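Numbering (our numbering), first residue to last: 68 to 528.
This report refers to the structure that appears directly beneath it.
Rendered as structure tokens:
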């Protein structure tokens, strides 16, 4: 440990003597590490973290299918039969999203509402933070509707007033009683500001007239369905059962159900699947940026080593073995990398806020992006790997020289010899090749965007 401390102090003194070199190297690494950390933070929040529900791996999305559509909304009547006949799910719940106009509370306000079945919150196993959620007996209440508020709406519109529980709200001209408030971290479906109980406990909006019994309606496909698998039941088993139920319903109701099937997929895949390719490509792009930064810094270290060949030769002549010299130079590389990592973490925090601010609203779970343990662990890992990656080649080549040649004034300089020039040339070629990949990808994206903008949509946008 004492030797390591000496190496670190020596590295700091060396870098202090070359502030220009140090600044260029640290900034290059900071940009590469910062970009990778920022994108990883987004990828971790959107793709890697489990959904914020208990036993979220058992939550599924269930869709109707037809030959040209494998994710079709579900008819209320079919949903009712799914609930009665399915044995693979602990619960099946339905929901549909619709805008509702809130009046009588200051200026009218259009809110994003989710019309849900009575067991919606029970299926997700998320309790309310205040009041209560919907109960089976609520399905028989017809005189007025029931509503649960999101935490953000409760704060913004009602000033976090606990007395709002039990009060009535006018939504699209109908009276709804506030019975509960959800926790601040709950947001399903995305951007929902309140949840109202549908007709007869199903996910049928009050504005939709489906006759005396909405559960028998099979020709109006309006609901999304989620389900919680029973323990030990796999998605494949649930898929087989739901396909069988769909076949039976097609035989029983050929007029409305002919050709309809069922599709069971992970709720996590349902939420994040459309963003997976975009984020993976983005992560690959910033990884290439980091490779360019590593190659650039490695080239700088190779050039810097030519100025230190006499120093290295003296240390070798005094008995320092090649392994000891390589360790010293790798320590210097890690010191540079750690400095770049610390600055890169600051860059990453800024980039994350910028990315979240300019990203389209259809990327899910962006609100969960931020500085956390996973982001810090990734930064540390990338920092250490980066220091080793760009430090190994310069350390190897700088310690290959003959001490006698290094001590002679006219000796061949390590960086100017065939090996040093070859390494530098290879690094330059690698930088150019990786940069070409990024430029081609960016060019294709720009061309696609220009063509999309030039497409005539058939109306004045």
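Ideal placement from N, C-alpha and C gives every residue a C-beta, glycine not left out.
Being a predicted model, the structure only gives us computed values, none of them experimental.
Cβ distance (whole Å) where residue 442 is taken to contact residue 104 below 8 Å: 6 Å
Exposure label - residue 72; buried when at least 16 CB within 10 Å: exposed
Which residues DSSP lists as bridging residue 235, in chain order: 244
Option in 159, 112 and 144 with minimal Cα separation from residue 128: When each option's Cα is compared against that of residue 128, the closest is 159.
Paired residues, beta bridge with residue 262 - DSSP: Per DSSP, 181 and 215.
One or two residues paired with residue 163 in a DSSP bridge: 182
Residue 97 vs residue 505 beta-carbon contact at 8 Å: no
Coarse secondary structure for residue 192, derived from DSSP in three states: coil
Beta-bridge partners of residue 139, as assigned by DSSP: 131
DSSP state of residue 101 mapped onto helix, strand, coil: Three-state result, residue 101: helix.
Buried/exposed call for residue 417, threshold 16 Cβ in 10 Å: exposed
Residues near residue 88 in its chain [Cβ-Cβ closer than 8 Å; skip 5 each side]: 82, 367 and 371
Residue burial classification, residue 229 (beta-carbon count within 10 angstroms, cutoff 16): exposed
Three-state secondary structure (DSSP) of residue 522: coil
Sequence-distant residues of its chain with Cβ nearer than 7 Å to residue 342 (five each side left out): 113, 430 and 431
Whole-Å CB distance - residue 501 paired with residue 358, under 8 Å assumed: 5 Å
Residue 248 classed as buried or exposed, judged by whether at least 16 other C-beta atoms fall within 10 angstroms: buried
Straight-line Cα distance separating residue 415 from residue 360: 16 Å
Candidates 453, 200, 514 and 363, of which the one nearest residue 499 by Cα: 363
As assigned by DSSP and simplified to three states, the class of residue 348: helix
Whole-angstrom distance between residue 135 and residue 322, CA atom to CA atom: 18 Å
For residue 424, the residue or residues it bridges with in DSSP: Answer is none; residue 424 lacks a bridge partner.
Endpoints, the beta strand (DSSP E) within which residue 295 is located: 291-296
Own chain, CB closer than 6 Å to residue 107, minus 5 neighbours either side, in chain order: Contacts found: 445.
Whether residue 212 touches residue 284 by CB criterion (8 Å): No.
Rounded separation between residue 76 and residue 352 - CA only: 35 Å
Neighbour-count burial assignment, residue 482, 16 or more Cβ in a 10 Å radius: With a pLDDT of 46 at residue 482, under the threshold of 50, the predicted position of this residue should be treated as unreliable, though the coordinate-derived value follows. Buried.
Nearest-angstrom Cα separation, counted from residue 277 out to residue 433: 37 Å
Buried versus exposed call for residue 90 [16 or more other C-beta atoms within 10 Å across all chains shown]: With fewer than 16 other Cβ atoms from the protein chains shown falling within 10 Å of its own Cβ, residue 90 counts as exposed.
Segment limits, alpha helix (DSSP H) that includes residue 527: Judged by DSSP secondary structure, residue 527 falls outside any alpha helix (DSSP H); it is assigned neither H nor E.
Three-state secondary structure assigned by DSSP to residue 441: helix
Cutoff 8 Å: residue 333 Cβ touching any chain D Cβ: The structure shown contains no chain D; it is built from a single protein chain.
Distance, residue 401 Cα to residue 185 Cα: 58 Å
Residue 155 beta carbon less than 8 Å from that of residue 300: yes
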